[in-house]
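Have a look at the structure below before the remarks.
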Amino acid sequence: MEDIANRWKSFSIEEEEEDVVGVDESVLEEGRKAMKCGLLGKLLSSKPYNKRFFQSTMIDIWRMPGVESREVAKDVFFFSFASVRDRDRVLDMEPWSSDRALVVLKPLENGDMADSDDFCYSKFWVQLHNLPLEGRLSRIGEMVGDIIGSTVSVQQDDKGRCWGQYVRVRVVLDITKPIRRQVKIILGDGEYLVWTDLRYEKLPDFCYGCGKFGHGTRECPAEGVAVVTDLSILPYGSWLRAPRMGGGSHRRVERRPARTHGDNLSRSLRGMEILQISPLVSGSQQRDLVDVIAVTENLAKSTSHCGNVPKSVFGTDVAQNTVRALSPETNNYLVRPTRER
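Okay, structure coming up:
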């Protein structure tokens with residue numbers, strides 16, 4: 001936008017170009033009403049991706065009626081919801097990811113131009129570890145949250161205490177900056193100095209070399225990072241992800257093609273694909289993304305009229321061309337029609 005503004009400064013305006021179109025507030029109201037129930041979204045990835053598949057994936061994940069999506073600028077998508085309540089539910093469950101890359105969402109404001117560079121913030125639940133018991137307080141959580149970003153809330157009891165294994169803080173992070181790994185805290189009159197370790201719930205892929213979102217370690221522009229073979233020597237790592245703990249009522253679908261050792265299982269499924277479900281955060285519990293699906297040859301047995309479905313997905317109802325969750329013993333698999341990629 002700044003480049004366009006500078007370019008206009010060098011132009012001379014013709015007389016007929018000075019005509020002005022006046023738009024009444026009543027005309028704008030219709031557009032603002034639609035904006036109120038919508039979000040702008042962008043996938044932070046340096047890799048090419050199928051835009052239609054990305055849009056349909058997000059709509060599938062949210063599982064809300066009436067969600068629509070349109071690309072309104074290059075790599076910027078407008079998601080329209082049936083109500084403000086649905087929109088806010090999606091924001092409350094940030095961060096979101098698609099193919100392990102961070103999806104940045106933001107509400108629309110009057111005059112928004114959907115600039116692709118204007119996606120700088122996302123909400124995360126951050127765990128503060130290694131605090132002494134007397135330091136596990138809401139106020140301290142707020143102070144640390146304001147150091148690493150902007151504090152939204154702190155999980156606490158009715159007395160303002162955070163007496164668990166860690167302090168859990170909801171924070172708005174500037175995702176253009178490297179994520180923080182630790183915060184130094186001095187308690188009292190310098191009596192205690194502790195380094196609190198930060199762990200991020202539902203942390204998508206990020207660069208282990210520079211700590212930023214938007215590209216992987218192998219695509220890092222920092223000198224020497226992309227050729228490192230031992231990732232353990234890099235300053236960031238998967239240890240920044242909060243460990244998987246407990247379950248949840250919400251689920252995120254991570255699409256990964258299931259493969260056998262030598263057989264293309266997705267081809268044998270005749271237009272179907274196997275999906276694995278990874279639970280999202282619910283209450284004080286959280287889970288990280290699951291590993292990539294691996295289906296061995298001995299599981300690739302015919303148990304459905306739609307093709308050679310692994311025994312682990314036995315019982316899936318695909319007759320009506322819909323997605324159906326399976327029973328617990330099926331290890332969280334789904335079978336659904338493939339979409340255009």
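For what it's worth, the UniProt record's numbering labels the leading residue of the sequence shown as 1, then goes sequentially. All C-beta atoms in this analysis are idealised placements derived from N, C-alpha and C, irrespective of residue type, glycine included.
- request: Throw me the rounded Cβ distance for the residue 124 and residue 200 pair, which I believe falls under 8 Å.
  value: 5 Å
Coarse secondary structure for residue 104, derived from DSSP in three states: If DSSP states are grouped into helix, strand and coil, residue 104 belongs with the strands.
- request: Report the three-state DSSP secondary structure of residue 157 (helix, strand or coil).
  value: coil
- request: State the beta-bridge partners of residue 183 as determined by DSSP.
  value: 196
task: Take residue 353 as the anchor and find which of 35, 46 and 180 has the nearest alpha-carbon.
output: For the chain, the structure presents residues 1 to 341; residue 353 sits outside this window and is missing.
task: Measure how close the beta-carbons of residue 204 and residue 95 come, nearest whole angstrom, since I'm counting them as under 8 Å.
output: Confirmed, Cβ separation roughly 7 Å.
task: Give every residue of the same chain whose Cβ lies closer than 7 Å to the Cβ of residue 19, excluding the five residues on either side of it in the sequence, and list them in chain order.
output: Closer than 7 Å at Cβ, skipping near neighbours: no residue.
task: For residue 217, I'd like the list of residues in its chain whose CB is within less than 8 Å of its CB, leaving aside the five on either flank, ordered along the chain.
output: 207, 208, 209, 225, 226, 228, 231 and 234
query: Out of curiosity, what's the CA-to-CA distance linking residue 187 and residue 173?
result: So the two alpha carbons sit approximately 25 Å from each other.
- request: Measure the CB-CB distance between residue 176 and residue 120 and report whether it falls below 7 Å.
  value: yes
Opposing strand residues paired with residue 68 [DSSP bridges]: 80
- request: Look up residue 19 in the DSSP assignment and say whether it is helix, strand or coil.
  value: coil
message: Quick check: the Cα distance between residue 59 and residue 132, rounded to an integer number of angstroms?
response: 42 Å
message: Quick check on residue 53: does DSSP put it in helix, strand or coil?
response: helix
field: Check whether residue 167 and residue 198 have beta carbons under 7 Å apart
entry: no
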